[in-house]
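See structure below.
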Amino acid sequence: MCESPEKSPPELRGLPDTERGLWTLASLDHLREAISIVDKDLRLQVWNCRFAELLGFPPELLQVGLPFAVLFDYNARRGEYGPGDPATLVAERLDLARQFQSHSFERTRPDGTVLKIRGEPIDDGGFITLYEDITARQHAELALRASYEQLEERVRERTAELQALNAQLTREIEERQRIHTALRESENRVRLITDTVPVLIAYLDDRQRYVFVNQKHAEWFGLPAEAFLGQPFGDVLEPALARRLRGHLATAFDGQSTHVEYELATPTGRMYVRSYFIPHITERTRHGAERVVGCFVLGEDLTEFRQTQMALNQAQKLKAVGQLTGGIAHDFNNLLTVILGNLAAVEEVLCEQPEQYKAISTAMNAARRGADLTRRLLAFSRRQTLQPCLLLPHQQLQEIAELLKRTLGPSIELETLADDSVWAIWVDPGQLANAALNLAINARDAMPGGGQLRIEAVNVTLDQAYAGRYPDVMPGDYVRFSVADTGTGMAPAVLEQAFEPFFTTKGVGDGTGLGLSMVYGFVQQSGGHVRIHSQIGSGTTVELYLPRYISKAKAQAPVSAAIPASESPLRGRESILLVEDDPDIRYFVARALLGLGYTVREAANGKMALEILEIDTSLDLLLSDMTMPGGLSGFDLVTEARKRRPTLKILCMSGYTDCIEASLKPLKCSLLEKPFLKHDLARAVRLTLDRSVDSVSPNGPV
């Protein structure tokens, strides 16, 4: 309670000198939540400091017996309930309050603070409400420390009041009985509060014996509350915890509040993180000195918070690595375009010279492997080009199983589980099969002597609590694909790095370290979430959470931009404006287009390209790179070109396409993914020229 002595409720001014009740009441002002208790007439009877602070009420407004309608009116007039007539807003809330029904909801204040409000009716009439500020949990410790300073003053005030009342109680037996009744009622209310809050509360006297514990404290240690009372803390707590706390308790009884945090491993290997804050309580002696008479022990389980923090750090690290690998892959694709294009040209010339042709073919194969590597990097960085469609998991799993049976060999017993009740999903079937293949190969390698591999698809709903622990998860319906093996399992250190690109525990030449990275990137790019569960000797389970497909629109198969050789010739005589800042790529593309019969004009940047567009009205196609220096990007060039020449055919080139497809769609441009060979370029150019502008879509590379 935060009111001054003259404003204290009459039943509290008559409290006896009962230590247990005193410490129970005193703990109210140390809670992170705001608390209010009203009687059956909706009049304010009990509140704590947090109530006025959190809800922004002036302290002088809060008085025992204050109609709660006054507080509703105060809130309505300052806009706490949103726009509307204050009287109507107050009446609505009074109607709800008079129902005395349990409730729990969240409310956003005008200043942006989000409150979680929970209320429960009291058996003998009235209502208890808890208010929690869920926007500033990181400030909870500072608020708690401040409340302990207020507690010391409050203890002294209560002690003085109780001493005066004790003298009167010896002469007024009837008054004493009335006060005892009031005390029991008040203690029950406070007990309800302390047993509701998610914090361990205990009080030790100056002999380090338990005087009070709340229900959460008792449940944490698996003992009834009565087992603690009167016992030294070292006789009740587990020995390891008692050793950790003994020095901190000594510090508290020396007059200094202290804090301790530690990790505890269970026999199953699960880690718990616990935190204790131990503030001391003092009283003034007859000679004016202060002495410590006890201390609170406030405990909190930080395990979930630490797990969330670690998940956030891991997500941020993978995001940073993904951005780096995506940039590297983009630049590498430019190099591969030049290498593959020129090697292909040389290969055509040397086709009748076997030895030289073999050398060129070897180089071409190496360059193609480099292109495959960039695709893997782009998969991890979530910049690969996906062609999603509507899939039924039970059918897709059957097709994947046929593929895996041919890959895994007879020593692996494969089991697939999924029925037609599993929700549909919207993903790239090829990438899903590739992810399953990568996971199955990893599982096979973890079972050199054979074993069991189980792949299952089930419906799951991830709630807000789950999403709160993993920053990359949105609450909702998902299909969970589980790939579980009976292999050797992974150590915690390996598990922590499993998704990082190029990380592998296999020997040299046995793996690239990109398998799980590709799975991670594909699932993330598809709007999903990946988790791995593994222990040494207990196998590994990888879970892919892919969002449920909920649109009622008819699914469309990805548009294939390839055209058969018989449909249209790959050569032409049209005029093409080539825009590419890299001179090597520009040389390769220009030479290839000239060889196909086209007329080519070249520009090294967007500004030069616009100048050519302005004076040359005979151009049939704009072929432009999307990433160019000089202040005018490829996207800017295409946007301006579309404004000036609405009917101009436009084909864009890019080292990674996923991040630009959406922006190109309204501009009606085709897209060619680097690296590419001459025949890829020929097909893309011919297809773009033969299409009408309105039929062009960047959905997938041409």
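Everything in the sequence shown is counted per this note's numbering, starting at 1 for the first residue and increasing by one. Ideal Cβ positions, reconstructed from N, Cα and C, are used throughout, including at glycine.
Nearest residue (CA-CA) to Asp-111, options Glu-120, Arg-118, Asn-75 and Val-479
The sequence position of residue 111 within the sequence shown is 111, counting from 1. The option with the nearest alpha carbon to Asp-111 is Asn-75.
Any idea what DSSP makes of Glu-33, helix, strand or coil?
Translated into positions along the sequence shown, residue 33 becomes position 33. Coil at Glu-33, not helix or strand.
Extent of the continuous beta strand (DSSP E) to which Leu-298 belongs:
Indexing the sequence shown from 1 puts residue 298 at position 298. Segment 290–301, the beta strand (DSSP E) holding Leu-298.
I'd like to know if the stretch 640–654 and the stretch 680–693 are in contact, where contact means that at least 3 CB-CB pairs between them fall below 8 Å.
The stretch 640–654 makes contact with the stretch 680–693; the number of CB pairs closer than 8 Å reaches 3 or more.
Residues in the same chain with beta-carbon distance under 6 Å from Arg-531, minus the five sequence neighbours each way, listed in chain order, please.
On the sequence shown, position 531 is the one that residue 531 refers to. Here Arg-531 has Glu-543 as same chain residues with Cβ atoms under 6 Å from its own Cβ, once five neighbours each way along the sequence are excluded.
Residue(s) in a DSSP beta bridge with Ala-603:
Within the sequence shown, residue 603 is the residue found at index 603, counting from 1. Val-579, per the DSSP bridge assignment.
Asn-342 in three-state terms, based on DSSP
Translated into positions along the sequence shown, residue 342 becomes position 342. Asn-342: helix per DSSP, three-state reduction.
Anyone know if the C-beta pair for Thr-135 and Val-155 falls short of 8 Å?
For the purposes of this step, residue 135 is taken as the residue at position 135 of the sequence shown. For the purposes of this step, residue 155 is taken as the residue at position 155 of the sequence shown. It is not a contact, given that the beta carbons lie outside the stated cut-off.
Distance between Glu-219 and Thr-268 (C-alpha atoms, nearest Å):
In the sequence shown, the residue the question calls residue 268 occupies position 268. In the sequence shown, the residue the question calls residue 219 occupies position 219. Residue confidence is low: Thr-268 scores 48 on pLDDT, short of 50, so the model does not pin down where it sits. No coordinate-derived value is stated.
Helix, strand or coil: which one does DSSP assign to Met-653?
The count along the sequence shown starts at 1 and reaches residue 653 at position 653. Reduced to three states, the DSSP call for Met-653 is strand.
By the 10 Å Cβ neighbour count, where 16 or more other Cβ atoms means buried, how is Leu-577 classified, buried or exposed?
Position 577 of the sequence shown holds residue 577. Answer is buried; the Cβ neighbour count reaches 16.
Three or more beta-carbon pairs under 8 Å between the stretch 591–601 and the stretch 627–634, yes or no?
Contact fails: fewer than three Cβ-Cβ distances are below 8 Å.
Among Thr-617, Leu-241, Glu-580 and Tyr-587, nearest to Leu-623 - alpha-carbon criterion
Translated into positions along the sequence shown, residue 623 becomes position 623. The shortest Cα separation from Leu-623 among Thr-617, Leu-241, Glu-580 and Tyr-587 belongs to Glu-580.
Check the DSSP bridge columns for Tyr-203 and list the partner residues they point to.
In the sequence shown, counting from the first residue as 1, residue 203 sits at position 203. The beta-bridge partner set that DSSP reports for Tyr-203 consists of Phe-212 and Phe-296.
Skipping 5 residues on each side, what residues in its chain have a beta carbon closer than 6 Å to that of Arg-284?
Within the sequence shown, numbered from 1, the residue matching residue 284 stands at position 284. Excluding sequence neighbours, Arg-284 sits near Glu-290.
Out of Gln-99, Ala-69 and Ala-97, point me to the one whose CA is closest to Pro-86's CA.
Taking the sequence shown and counting its residues from 1, one reaches residue 86 at position 86. The shortest C-alpha separation from Pro-86 is found at Ala-69.
Looking at the structure shown, is Ala-227 part of a helix, part of a strand, or coil, going by DSSP?
Here residue 227 refers to the residue found at position 227 of the sequence shown. Of the three classes helix, strand and coil, the one that applies to Ala-227 here is helix, per DSSP.
Using a 10 Å radius around the Cβ and a threshold of 16 neighbouring Cβ atoms, would you call Ala-553 buried or exposed?
Working through the sequence shown from its first residue, we reach residue 553 at position 553. With a pLDDT of 43 at Ala-553, under the threshold of 50, the predicted position of this residue should be treated as unreliable, though the coordinate-derived value follows. So Ala-553 counts as exposed.
Give me, in chain order, the residues of the same chain whose beta-carbon lies closer than 7 Å to that of Ser-257; leave out the 5 immediate sequence neighbours on both sides.
Taking the sequence shown and counting its residues from 1, the one referred to as residue 257 is at position 257. Correct list, in chain order: Tyr-148, Ile-278, Pro-279 and His-280.
Can you grab the Cα-Cα spacing for the pair Phe-228 / Gln-101, in whole Å?
Here residue 228 refers to the residue found at position 228 when the sequence shown is read from its first residue. Here residue 101 refers to the residue found at position 101 when the sequence shown is read from its first residue. Distance between the alpha carbons of Phe-228 and Gln-101 is about 35 Å.
Given Glu-106, which residues of its chain have a CB within under 8 Å of its CB, disregarding the five upstream and five downstream residues?
What you label residue 106 is simply residue 106 of the sequence shown in a count that begins at 1. Apart from the 5 residues on each side of it in sequence, Glu-106 sits with its Cβ closer than 8 Å to the Cβ of Val-114, Leu-115, Lys-116, Ile-117 and Ile-134 in its chain, given in chain order.
Output needed for Val-427: all residues of its chain with C-beta closer than 7 Å, excluding positions within five of it in sequence on either side, in chain order.
In the sequence shown, counting from the first residue as 1, residue 427 sits at position 427. Only Pro-388, Leu-391, Ser-526 and Leu-546 meet the Cβ criterion.
Starting from Phe-57, follow the alpha helix (DSSP H) in both directions and report where the run begins and ends.
By one-based count along the sequence shown, residue 57 stands at place 57. Annotation: Phe-57 is outside any alpha helix (DSSP H) and is labelled neither H nor E by DSSP.
Does the stretch 482–495 touch the stretch 436–455, meaning 3 or more C-beta pairs lie closer than 8 Å?
The stretch 436–455 makes contact with the stretch 482–495; the number of CB pairs closer than 8 Å reaches 3 or more.
Is Ser-102 helix, strand or coil by DSSP?
Here residue 102 corresponds to residue number 102 of the sequence shown, with the count starting at 1. Three-state result, Ser-102: coil.
Where does the unbroken alpha helix (DSSP H) through Ile-441 begin, and where does it stop?
In the sequence shown, residue 441 corresponds to position 441, counting from 1. Note, Ile-441: alpha helix (DSSP H), 429–445.
Using 8 Å as the threshold, is the C-beta distance between Ser-275 and Gly-255 below it?
For the purposes of this step, residue 275 is taken as the residue at position 275 of the sequence shown. For the purposes of this step, residue 255 is taken as the residue at position 255 of the sequence shown. Cβ atoms of Ser-275 and Gly-255: not closer than 8 Å.
What residue range is occupied by the uninterrupted alpha helix (DSSP H) comprising Asp-690?
As a working note, residue 690 is residue 690 in the sequence shown. From DSSP, the alpha helix (DSSP H) with Asp-690 extends over 678–690.
Pop quiz: Ala-97 and Leu-42 are said to be a contact at Cβ under 8 Å. What is the actual Cβ separation, rounded to whole angstroms?
For the purposes of this step, residue 97 is taken as the residue at position 97 of the sequence shown. For the purposes of this step, residue 42 is taken as the residue at position 42 of the sequence shown. Right, their Cβ atoms sit about 6 Å apart.
Under the rule that 16 or more other beta-carbon atoms within 10 Å means buried, what is Asn-459, buried or exposed?
Taking the first residue of the sequence shown as position 1, residue 459 is located at position 459. Looking at its Cβ environment, which holds fewer than 16 other Cβ atoms inside 10 Å, Asn-459 is exposed.
Among Ser-618, Ile-615 and Ala-609, which residue has its Cα nearest to the Cα of Tyr-639?
Position 639 of the sequence shown, counting from 1, holds the residue named residue 639. Correcting the residue type first, residue 639 is Thr in the shown sequence and not Tyr. Looking from the CA of Thr-639, the closest CA among Ser-618, Ile-615 and Ala-609 belongs to Ala-609.
Going by DSSP in three states, Ile-536 sits in which element: helix, strand or coil?
Counted from its first residue, the sequence shown places residue 536 at position 536. Ile-536: coil per DSSP, three-state reduction.
Using a threshold of 8 Å, state whether the C-beta atoms of Ser-575 and Asp-620 are closer than that.
Numbered from 1 along the sequence shown, position 575 holds the residue referred to as residue 575. Numbered from 1 along the sequence shown, position 620 holds the residue referred to as residue 620. Yes, the pair counts as a contact, with Cβ atoms nearer than the cut-off.
So the beta strand (DSSP E) Tyr-549 belongs to, where does it begin and stop?
Position 549 of the sequence shown, counted from the first residue, corresponds to residue 549. In this chain, Tyr-549 is not harboured by any beta strand (DSSP E), its DSSP state being neither H nor E.
Could you please give me the residues that DSSP links to Asp-254 through a beta bridge?
Counting from one through the sequence shown, the residue named residue 254 turns up at place 254. DSSP output for Asp-254 lists no bridge partner at all.
Please list, in chain order, all residues of the same chain as Ser-411 whose beta carbon is under 7 Å from its beta carbon, the five residues on each side excluded.
One-based indexing of the sequence shown puts residue 411 at position 411. The answer, listed in chain order, is Gly-450.
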